[in-house]
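Visitor: The numbering of the sequence shown is numbering that gives the first Met the number 0, which starts it at 0 and goes up by one. Just so you know, even glycine gets a beta-carbon here, dropped at the ideal spot from N, CA and C. Note that the structure is a prediction, hence the values are computed from the model and not measured. This is the structure, below, for whatever I ask next.
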Amino acid sequence: MSRSAVLGIFCLAFTLAAAGTAGAYHTRFVADNCNYAAPTPTSYITRDGSISVALRARYEGYQWAGGCWNHNDRDDSPGDPTENPGTGGEGGDCSGFTFKVWRESENEGNAGFYQWGMFRNVHGPYDTQRFKRGDGAPNITLSKASAIKMDAFSSENHIGMIYAKNADGTDQIIEAKGEAYGTNIWTRTYRGDSSYAGVRRTGWSS
């Protein structure tokens, strides 16, 4: 076989491999599974109920600017490039996950509760900085010492919700952490970290 033929085969193989890798980054999870159905207004919402909503996303993926997942305990779009909303992968990002678990409205002036389906692709209007400031009718800031389950700690770049307080002053935080980590519960020291502020979603029934 000639040198040029060998080089041609190598180039073809490299091109196909690169195409396969690129395709893996665009899983079409959102396109193939998610919807844009209207949420269901809900009058009675408890913190424990929202913990149940959050736990359905545990072990699922992370998608920058995302808000759609299933409940099969795995990331169906692993290894997507970070900070790319166009990859169409599974999961919420940290602020989209919080918005959906807190069952907020896309209308910032509406403090009511709205049940979003797991397959409803929605992020909401708040990024981490806006949550940290307590922007929007449902959200307020509060002393971190007063924070309890389903309150949150938010920095300029991340937000996570309290799943449980630990006796040593740390917290178990349920959060969409990043592409490499997905969504899960971790022990964190956000309560004692000055870069994080306490944030509360108002209006809980209990």
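#1: Which same chain residues, not among the five before or five after Ser153, have their C-beta less than 7 angstroms away from its C-beta?
#2: Distance, Cα to Cα, Trp115 vs His70?
#3: For the alpha helix (DSSP H) containing Gln171, name the first residue and the last one.
#4: Assuming Thr169 contacts Arg57 (C-beta within less than 8 angstroms), just tell me the rounded distance between them.
#5: Under the three-state reduction of DSSP, which class applies to Thr86: helix, strand or coil?
#6: Are the beta-carbon atoms of Lys143 and Arg102 separated by less than 7 angstroms?
#7: Per DSSP, which residues does Ile161 bridge with? Please list them.
#8: If you count every other CB in all the chains shown that lies within 10 Å of the CB of Arg200, and 16 or more means buried, which is it?
#9: Which of helix, strand or coil does DSSP assign to Ile50?
#10: Give the range of the alpha helix (DSSP H) segment to which Ser205 is assigned.
Guide: On the basis of the data shown:
#1: Thr127, Phe130, Lys131, Tyr195, Ala196, Val198
#2: 14 angstroms
#3: Per DSSP, Gln171 belongs to no alpha helix (DSSP H); it is in the beta strand (DSSP E), 170-177.
#4: Contact doesn't hold; Cβ gap of about 19 angstroms is too wide.
#5: helix
#6: no
#7: Ile172
#8: buried
#9: helix
#10: Premise fails: Ser205 is in no alpha helix (DSSP H) and is neither H nor E.
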